[in-house]
Amino acid sequence: MSPEEIAERLVKVAKHNEAVHRHNATIDRKIERLKQAMVELTSLQAELDSLRTNKLEHGGENVWKGNVYREHKRKVGYVEDDVKGLSSLMGDAFEDYSNTIRRLRAEKQSYWII
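So that you can map any letter, position 51 of the sequence shown is 61 in the working numbering, and since no number is skipped, the others follow by simple counting.
Rendered as structure tokens:
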């Protein structure tokens, strides 16, 4: 190779590596945001897990009048179902974020060497 061809090759390599660097930096920022969202989801999941609906069931049928206790129990059941559903959705989101991070890492490009 002549010196001019080597110089041209170096310029091409430098331009390619610059583009790869920008591309990979964008992916790294996306991955970082997803990781932060996963940390937030984990924190929210811990708070959700700490909810104890059984504490809502204080007293007993002798303390409540008529159908009020059964109505209260029914509503507590709805809350428990909502908590389970939300927990499931959060788990799905966590899994989606993990899969997206793996996909993004696979999209990273390699640098050229002279």
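All C-beta atoms, glycine included, are put in the ideal place defined by N, C-alpha and C.
Remember, predicted model here, so these are calculated numbers, not experimental data.
Check the C-beta distance from Q119 over to V30 and give it rounded, since I have them as a contact under 8 Å.
Counting from 1 along the sequence shown, the entry for residue 119 is found at position 109. Counting from 1 along the sequence shown, the entry for residue 30 is found at position 20. The pair is a contact, with the Cβ atoms about 5 Å apart (cut-off 8 Å).
Terminal residues of the continuous alpha helix (DSSP H) containing Q55?
By one-based count along the sequence shown, residue 55 stands at place 45. Note, Q55: alpha helix (DSSP H), P13 to S60.
Would DSSP call K85 helix, strand or coil?
Mapped onto the sequence shown, residue 85 falls at position 75. Correct three-state label for K85: helix.
For V93 and S53, what's the separation of their Cα atoms in angstroms?
The sequence position of residue 93 within the sequence shown is 83, counting from 1. The sequence position of residue 53 within the sequence shown is 43, counting from 1. Those two C-alpha atoms are separated by around 15 Å.
Reducing DSSP to helix, strand and coil, say where S98 ends up.
Indexing the sequence shown from 1 puts residue 98 at position 88. Reduced to three states, the DSSP call for S98 is helix.
How many angstroms separate the CA atom of E50 from the CA atom of K40?
Taking the sequence shown and counting its residues from 1, the one referred to as residue 50 is at position 40. Taking the sequence shown and counting its residues from 1, the one referred to as residue 40 is at position 30. Distance between the alpha carbons of E50 and K40 is about 15 Å.
What three-state label does DSSP hand N77 in the structure shown?
On the sequence shown, residue 77 is found 67 positions in, with the first residue counted as 1. Of the three classes helix, strand and coil, the one that applies to N77 here is coil, per DSSP.
For L61, which residues in the same chain have their Cβ closer than 8 Å to its Cβ, ignoring the five residues on either side in sequence?
The residue given as residue 61 occupies position 51 in the sequence shown. The residues are V93.
Cα-Cα, which of E18, A116, E105 and A56 is closest to L44?
Indexing the sequence shown from 1 puts residue 44 at position 34. The option with the nearest alpha carbon to L44 is E105.
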